[in-house]
Structures are given as C-alpha cells and as structure tokens.
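Okay, so the sequence shown: first residue is 3 according to the numbering used here, each after it adds one.
For each residue, glycine too, the CB sits at the ideal point set by N, CA and C.
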Amino acid sequence: MYFADRGYADIARRPLPFATPEIFDVEDHDGVLVTHERELPVRDVDALLAVLRALAPVPGTDAMRQLTVRGDDGPLWRDHDCFRDALAAHVPDFEAGVARTRKALRSLPDAPVAAIHGDLAPPNIHVDAEGRPVAVLDLGFCTTVGDPAFA
C-alpha cells in the first residue's frame with residue numbers, strides 16, 4: 003500500500019481544480035486492508051452506472067438481436083451466434099489496423115511524462131450543480147504516468 007498512498011499523495015498535493023483521493027491511514031482488519039481517505043464531494047452522476055447495472059441482468063432476446071445499430075444497414079448480430087464474432091465482423095482488417103497503430107505509436111516523439119488516470123469515465127468524475135468537476139475517483143487501478151496525449 004505504501005506506493006499507492008504515496009502516489010495518491012503526489013497527485014493530491016497538486017493545485018488541481020478538483021479533489022482527488024488521499025489515503026490518510028491503512029488498517030488491517032483480519033487480513034482485509036481498509037483505507038481511510040479524504041471525503042470527496044459528490045453529486046449524483048452515478049445515473050449512467052445505475053442504468054448499466056439495471057440493464058446487465060436483462061437477457062438478450064432474438065428480437066433484440068434483430069435491432070439495427072445506428073448507421074448500419076442491418077442487425078449487428080446478422081449471421082453470428084456470439085457477440086465476440088458479431089463485433090469482430092464489423093472491424094474490417096483488424097490485424098492490419100493493429101499493425102498500423104503499433105507503427106504509428108513507435109514513430110511518435112518522446113514527451114515528458116505526466117499523471118494519467120487510466121479510467122476517466124463519468125462515474126469517476128463528480129461534478130457540482132453547474133457541472134464543473136469537483137472530484138475525481140478511482141485513482142490507482144489504472145493510474146500511471148505517461149504521455150498526456152494518451153490520457
């Protein structure tokens with residue numbers, strides 16, 4: 003935990019326009035680590051997550067598989083039995099795209115490294131009534147340093 007709380011502290015001490023987690027103490031309760039962290043302001047921006055959680059247990063039906071994804075001329079699932087294959091069919095020449103991406107990444111110039119959140123998504127950004135970010139959550143799981151162009 004030492005590196006996690008140090009990393010959190012390194013980010014928390016910066017003059018950011020929003021709050022970030024900061025670990026004040028770590029306790030071991032029967033083999034379970036518990037952290038005491040700074041309380042962060044929150045406004046209900048978890049609606050997206052609530053909707054996704056509510057939809058997750060709804061079983062996919064044959065009628066749902068016939069729905070056309072916006073911009074396509076037919077159902078995503080056309081001629082496929084599993085989602086993986088249905089999705090892959092819509093990514094033409096996938097391996098060549100990966101090779102082009104790798105080549106492009108290797109050709110980029112070096113840049114100074116900065117903090118990268120790694121999981122910056124609506125549920126991890128708390129906003130105030132005016133929609134301004136007041137807190138950012140979930141530092142640590144995917145947080146690292148790197149080229150901020152890829153944050």
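So which of the options has the shortest CA-CA distance to residue i?
| i | options | result |
| --- | --- | --- |
| GLY111 | ILE127, ALA131 and ALA151 | Here residue 111 turns out to be Pro, not Gly, going by the sequence shown. That would be ALA151, whose Cα lies nearest to the Cα of PRO111. |
| ALA65 | PRO59, ARG80 and ARG55 | ARG80 |
| GLY73 | HIS92, LYS105 and VAL34 | HIS92 |
| THR1 | ALA56, ALA90, ARG55 and ASP83 | Lying outside 3 to 153, the shown extent of the chain, residue 1 is not represented and no answer is given. |
| ASP130 | ALA101, LEU107, ARG40 and ALA21 | ALA21 |
| PHE85 | ARG67, GLU97, PRO94 and ALA98 | ARG67 |
From the DSSP output, which residues share a beta bridge with residue i?
| i | result |
| --- | --- |
| VAL28 | THR37 |
| PRO77 | THR70 |
| VAL129 | PRO135 |
| VAL93 | Partner(s): none; VAL93 has no beta bridge. |
| VAL147 | ALA117 |
Count the other CB atoms, across all protein chains shown, that sit within 10 Å of the CB of residue i; report buried if there are 16 or more and exposed otherwise.
| i | result |
| --- | --- |
| PRO23 | buried |
| HIS38 | exposed |
| HIS31 | exposed |
Do residue j and residue i come within 8 Å of each other at the CB atom, strictly closer than that value?
| i | j | result |
| --- | --- | --- |
| ASP121 | ASP149 | no |
| ILE25 | ALA117 | no |
| LEU42 | ALA123 | no |
| PRO135 | PRO19 | yes |
| THR1 | PRO77 | The structure shown does not extend to residue 1, since the chain is modelled only from 3 through 153, so no value can be given for it. |
| GLY9 | THR103 | no |
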